[in-house]
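FYI, the numbering for the sequence shown is 3 to 162, going by the numbering used here. See structure below.
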Amino acid sequence: MSEEGAQKKEEKKHRGTVAAEITYVIRGDRDQFYDWDTYGFKLTVPHGVLPPDETCEVTITALVGGKYHFPPGADMTSVVYDIVISKPLLKDIIIEMQHCVALKVEGHLKAMSYGYAPYDSSTIESWFEYVDGGVFHVNSRYGSFHISKSGSFCIFVKRH
Numbered sequence: 003m004s005e006e007g008a009q010k011k012e013e014k015k016h017r018g019t020v021a022a023e024i025t026y027v028i029r030g031d032r033d034q035f036y037d038w039d040t041y042g043f044k045l046t047v048p049h050g051v052l053p054p055d056e057t058c059e060v061t062i063t064a065l066v067g068g069k070y071h072f073p074p075g076a077d078m079t080s081v082v083y084d085i086v087i088s089k090p091l092l093k094d095i096i097i098e099m100q101h102c103v104a105l106k107v108e109g110h111l112k113a114m115s116y117g118y119a120p121y122d123s124s125t126i127e128s129w130f131e132y133v134d135g136g137v138f139h140v141n142s143r144y145g146s147f148h149i150s151k152s153g154s155f156c157i158f159v160k161r162h
């Protein structure tokens with residue numbers, strides 16, 4: 003694990019109440035899929051995310067409480083996941099997170115958004131912002147998002 007990855011892994015222990023944590027060793031020479039169903043999280047790793055002879059760790063921590071700050075009009079609808087990637091990736095990985103919103107019609111999809119908070123070792127607080135690019139589907143309890151860096155992630159519903 004890189005020094006940066008080890009530092010981030012240590013920092014996250016102070017960023018919220020930990021429900022559970024899991025670490026996956028990913029490889030660059032094949033497609034991989036991991037389903038952490040108990041905590042509503044899925045990870046897809048495409049072939050070529052790393053050079054074929056390399057591996058890295060992706061550690062996901064499900065957090066159920068912490069000092070979180072959200073954008074105005076945002077209601078959190080998922081667990082907060084701290085995701086630590088131990089080395090730089092060549093391609094994005096895909097995360098899928100479970101949310102608690104009943105998406106019954108296309109119009110509901112526009113209100114959904116992913117949230118991201120970067121690591122800041124000077125504080126135990128997380129300042130989330132809306133991020134573009136998440137995909138949500140009618141009648142699905144999961145949204146998907148492409149990431150390539152460590153951070154804290156959640157799903158919001160935006161109030162109008």
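Cβ coordinates follow ideal geometry from the N, Cα and C atoms, glycine included.
Q: Take Leu91 and list the residues in its own chain whose beta-carbon comes closer than 6 Å to its own, dropping the five residues that flank it on each side.
A: Taken in chain order, the residues that qualify are Val51, Ser150.
Q: Please say whether Ser142 and Lys69 have beta carbons closer to each other than 9 Å?
A: Not closer than 9 Å, so no.
Q. For Asp37, which of helix, strand or coil comes out of DSSP?
A. Reduced to three states, the DSSP call for Asp37 is strand.
Q | Burial state of Cys102 (16 or more Cβ within 10 Å) | A | Cys102 comes out exposed.
Q.
Residues in the same chain with beta-carbon distance under 6 Å from Asp31, minus the five sequence neighbours each way, listed in chain order, please.
A. Cβ neighbours of Asp31 beyond the five flanking positions: Pro54.
Q: Report the rounded CA-to-CA distance for Val107 versus Lys160, giving the unit in angstroms.
A: If I take the Cα positions, the gap works out to 16 Å.
Q. I think Tyr116 touches Gly145, with their Cβ atoms under 8 Å apart; what is that distance to the nearest whole Å?
A. That belief holds up - the Cβ atoms of Tyr116 and Gly145 are roughly 7 Å apart, short of 8 Å.
Q) Taking only runs of the alpha helix (DSSP H) that begin and end inside the region 101-128, which ones reach a length of at least 4 residues, in chain order? A) Counting only runs of 4 or more, we get 108-111.
(Q) So, for Phe35: in the same chain, excluding its five sequence neighbours on each side, which residues have a beta-carbon less than 8 Å away from its beta-carbon? (A) These residues qualify, in order along the chain: Lys44, Leu45, Thr46, Val47.
Q) Between Phe158 and Glu56, what straight-line distance do the alpha-carbon atoms span, to the nearest angstrom? A) The alpha-carbon of Phe158 is positioned some 35 Å away from that of Glu56.
Q | Beta carbon proximity, Lys112 to chain D, threshold 9 Å | A | Looking at the structure shown, chain D is missing, and only one protein chain is on hand.
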